[in-house]
Amino acid sequence: MAGPAGRGAADRAGRRQVAAGVLGQRRPGPAARDRIQPSERDADVAVVRQQVEPARGTAPVVIGVRGWECLDSRGNPTVGCVVYLEGGVEGVALAPAGASTGRFERPALHDGGARYAGFGARAALHVLDDRVAPALVGRPATDVDGLLDGPSNVTVAVSLAAARARAAHAGLPLWQYLAGPTGHRPTLPCPMVNIFSGGRHAEGGGVVQDYLAVPLAATSFAEAIEQVWDVRRNAAALVEQRAGRLAAVLVADEGGLALSGGDDELPLQLLTDAIERTGHSMRIAIDVAATQVEKPAALLDEVVAWCDRYPVVSIEDPLSDDDWDGWVDATRRLAGRQVVGDDLFATSAERVRRGADTGAGNAVLVKPNQVGTLSGAAETLALARSLGMRTIVSARSGDTEDDAIADLAVGWAAGQIKVGSVTRSERLAKYNRLLRLEEIDRIPYAGWDA
1 MAGPAGRGAA DRAGRRQVAA GVLGQRRPGP AARDRIQPSE RDADVAVVRQ QVEPARGTAP
61 VVIGVRGWEC LDSRGNPTVG CVVYLEGGVE GVALAPAGAS TGRFERPALH DGGARYAGFG
121 ARAALHVLDD RVAPALVGRP ATDVDGLLDG PSNVTVAVSL AAARARAAHA GLPLWQYLAG
181 PTGHRPTLPC PMVNIFSGGR HAEGGGVVQD YLAVPLAATS FAEAIEQVWD VRRNAAALVE
241 QRAGRLAAVL VADEGGLALS GGDDELPLQL LTDAIERTGH SMRIAIDVAA TQVEKPAALL
301 DEVVAWCDRY PVVSIEDPLS DDDWDGWVDA TRRLAGRQVV GDDLFATSAE RVRRGADTGA
361 GNAVLVKPNQ VGTLSGAAET LALARSLGMR TIVSARSGDT EDDAIADLAV GWAAGQIKVG
421 SVTRSERLAK YNRLLRLEEI DRIPYAGWDA
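Okay, so the sequence shown: first residue is 1 according to full-length UniProt numbering, each after it adds one.
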C-alpha cells in the first residue's frame with residue numbers, strides 16, 4: 001500500500017524520468033534552508049517541543065501513504081496526499097504554494113521542462129512514492145514528522161495528512177487534537193483580510209504586495225467577517241468609479257482588488273475611504289513583501305510616512321529577509337505597531353529566537369510549508385508566544401480548498417489568521433470552517449487584543 005498501486009506504468013516511468021533530471025539539481029539541502037548557525041539549542045526551545053508534540057502512548061501504525069498530482073488556486077500542480085493508519089482511518093491533505101517565497105524557507109520541488117510550464121509535480125511524487133512512503137510504513141503515526149525529509153510540497157502534505165489521520169483515530173476534530181498538548185484554550189483568530197493586492201499577487205500593479213483590513217472592535221468572528229465584507233464591497237465600488245466595472249470584479253491571487261498604474265499609495269487612500277464609508281472600527285495592515293522589492297530601504301521611508309497619514313496597525317516584511325540590522329531599526333521606527341516577520345523568520349525557531357534577541361520584529365507569520373511540517377510550525381509558534389511575540393497563522397497565495405489552516409489557528413490559539421480576501425472558494429473554505437466552529441462548536445473569539 002505504500003507504493004502507488006493502481007497507477008499506470010507509463011505514469012510511474014514518467015515520474016522517474018522527470019525525477020532523474022530534477023532531483024540531482026534541486027534536491028533541498030542545507031544551503032537552501034536556514035543559514036543561521038545556531039549555537040547549542042536553548043533550553044526553552046526543548047521545553048516548547050515537549051509542549052507541542054502529542055503524547056506518544058500507543059500510537060496507531062502507518063500502513064500506507066499515497067500521493068497524487070492536484071491543482072492549486074493558480075491552476076498549477078501541487079501534491080495531494082492520503083495517509084492510512086491501522087484501524088481503518090485515514091487523513092487527506094493538499095500542499096499549498098507561495099509566489100513570494102523567501103530564501104530561508106524549505107523549497108518545493110517542480111519538474112521543469114515543458115509540461116505545465118515546468119510546474120509539474122511528478123518529481124515530488126517520485127520522492128513521496130520511493131523515499132518517504134517506505135520510511136513511514138510500519139512506524140507509529142506520531143513519528144511521521146520526525147522522519148520526513150524532502151521538498152516542502154511533499155513534507156507538508158504528508159505531515160498534515162498524518163495529523164488528520166491521528167485526529168481521526170482519536171475521534172477528535174483536528175483543532176481539538178492539536179490543542180491537547182499546547183496548554184492553551186482554543187480560540188477563533190482575528191482575521192487580517194486582503195482588500196487590495198500588488199507585487200507578486202497582482203503583477204502589473206504596485207510593488208507593495210497586500211493591503212488588508214483588520215476589524216479591531218468586532219466581538220465575534222462572524223461580526224468580523226461581516227464588517228470586512230462591507231469594507232470590501234465599498235472598496236470595490238470606489239474602484240468601479242475610478243476604473244470601471246471590470247476592474248471592480250476581477251481579483252488577484254488571494255481575491256483582492258488590483259489597480260494598474262503602479263501607485264502604491266492609492267490602495268491605502270481607497271481602503272481608508274472604504275473604511276470611513278462603513279463607519280466600522282477598522283485598521284489597515286500592509287504586507288510590503290520587501291524581499292521582492294528592488295530598493296526596500298527607500299520604500300521603508302515611504303511606509304513610515306504612510307503610518308503617519310493612514311490608520312495602519314500592522315506592517316509585514318518591511319525589509320528583506322537578510323537585513324537584520326535594518327529590521328531592528330525598522331521595528332524601532334514603527335514602534336506602537338505590529339511588525340511582522342514572514343520571509344525574515346521563515347517559520348524557523350532559530351530565526352525567531354534571533355529576532356527576539358535583537359529586537360527585529362515583534363510578530364511572527366507562521367506558514368507550515370515554510371518549515372515543512374506541522375510540528376515544526378507548532379514549535380515556532382509556541383516559541384514566539386513564549387518570547388512575547390504575536391503570532392499569525394497564514395495560508396499561501398497558491399492555496400487549495402483544504403481548510404486545515406483554520407483548525408491550526410484555532411487549536412494553537414494563534415490569535416490571528418491571514419488567508420486572503422472574502423472572495424474565491426479556496427479562501428472562503430477557511431472562513432467558512434471558522435464560522436462553523438464559532439456557531440456549532442461554540443469556540444470563543446479571541447479578537448485583536450488577544
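Just so it is clear, CB atoms sit at the ideal spot from N, CA and C, and this is done for glycine as well.
Just so it is clear, the structure is predicted and the values come from calculations on it, not from any experiment.
Buried or exposed (CB count within 10 angstroms, at least 16 for buried), residue i
i: Asp441; result: exposed
i: Thr219; result: exposed
i: Lys295; result: exposed
i: Ser425; result: exposed
i: Thr58; result: exposed
i: Arg115; result: exposed
i: Pro134; result: exposed
i: Leu246; result: exposed
i: Asp273; result: exposed
i: Ala298; result: exposed
i: Asp253; result: buried
i: Gly411; result: buried
i: Asp407; result: buried
i: Pro267; result: buried
i: Pro444; result: exposed
i: Gln241; result: exposed
i: Glu438; result: buried
i: residue 477; result: Past the boundaries of the shown model lies residue 477; the chain is included only from 1 to 450, so the question cannot be answered.
i: Ala224; result: buried
i: Arg185; result: exposed
i: Thr400; result: buried
Three-state secondary structure (DSSP) of residue i
i: Thr155; result: helix
i: Pro77; result: strand
i: Gln227; result: helix
i: Val416; result: Just to set this straight, residue 416 is Gln in the shown sequence, not Val. Strand at Gln416.
i: Asn194; result: strand
i: Leu188; result: strand
i: Val61; result: strand
i: Trp68; result: strand
i: Glu401; result: coil
i: Ala99; result: coil
i: Gly376; result: helix
i: Val352; result: helix
i: Asp329; result: helix
i: Tyr211; result: strand
i: Tyr177; result: helix
i: Asp287; result: strand
i: Ala450; result: coil
i: Leu437; result: helix
i: Tyr116; result: helix
i: Gly91; result: strand
i: Gly262; result: coil
i: Thr142; result: helix
i: Leu128; result: helix
i: Arg390; result: strand
i: Tyr84; result: strand
i: Leu365; result: strand
i: Gly255; result: coil
i: Val312; result: strand
i: Val339; result: strand
Residue from the options with nearest C-alpha to residue i
i: Gly341; options: Arg332, Ser320 and Asp329; result: Ser320
i: residue 455; options: Arg139, Asp143 and Val208; result: The structure shown does not extend to residue 455, since the chain is modelled only from 1 through 450, so no value can be given for it.
i: Ala74; options: Gly88, Glu302 and Ala97; result: Here residue 74 turns out to be Arg, not Ala, going by the sequence shown. When each option's Cα is compared against that of Arg74, the closest is Ala97.
i: Asn76; options: Val92, Gly206, Glu86 and Ala108; result: Ala108
i: Cys70; options: Tyr445, Asp287, Val92 and Asp145; result: Val92
i: Gly112; options: Phe104, Ala121, Gly326 and Asn234; result: Ala121
i: Val193; options: Ser394, Leu160, Asn369 and Ala289; result: Ser394
i: Thr101; options: Phe345, Leu94 and Ala429; result: Phe345
i: Trp324; options: Arg351, Tyr211 and Ala168; result: Arg351
i: Gly261; options: Ser197, Ala290 and Val214; result: Ser197
i: Val79; options: Ser281, Val239, Val328 and Ser152; result: Ser152
i: Ala356; options: Asp329, Arg337, Gly388 and Ser375; result: Gly388
i: Val422; options: Lys430, Gln416 and Gly415; result: Lys430
i: Pro307; options: Pro189, Arg277, Gln269 and Ala409; result: It should be pointed out that residue 307 corresponds to Cys in this sequence rather than to Pro. When each option's Cα is compared against that of Cys307, the closest is Gln269.
i: Gln416; options: Lys367, Val127, Gly376 and Glu105; result: Lys367
i: Gly87; options: Val62, Ser159 and Leu148; result: Val62
i: Arg385; options: Gly398, His126, Asn362 and Asp402; result: Asn362
i: Leu128; options: Ser314, Ala157, Ala413 and Asp143; result: Ala157
i: Asp143; options: Asp449, Ser375, Lys418 and Arg433; result: Ser375
8 Å contact criterion, which residue i and residue j should meet: CB distance rounded
i: Leu174; j: Ala404; result: 6 Å
i: Glu316; j: Ala349; result: Rounded, the Cβ-Cβ distance is 19 Å, inconsistent with contact.
i: Gly64; j: Val154; result: So it is not a contact: roughly 16 Å between Cβ atoms.
i: Ala236; j: Leu212; result: Contact flag wrong, Cβ pair sits at about 15 Å.
Chain D contact for residue i (CB, 9 Å cutoff)
i: Gly87; result: The structure shown contains no chain D; it is built from a single protein chain.
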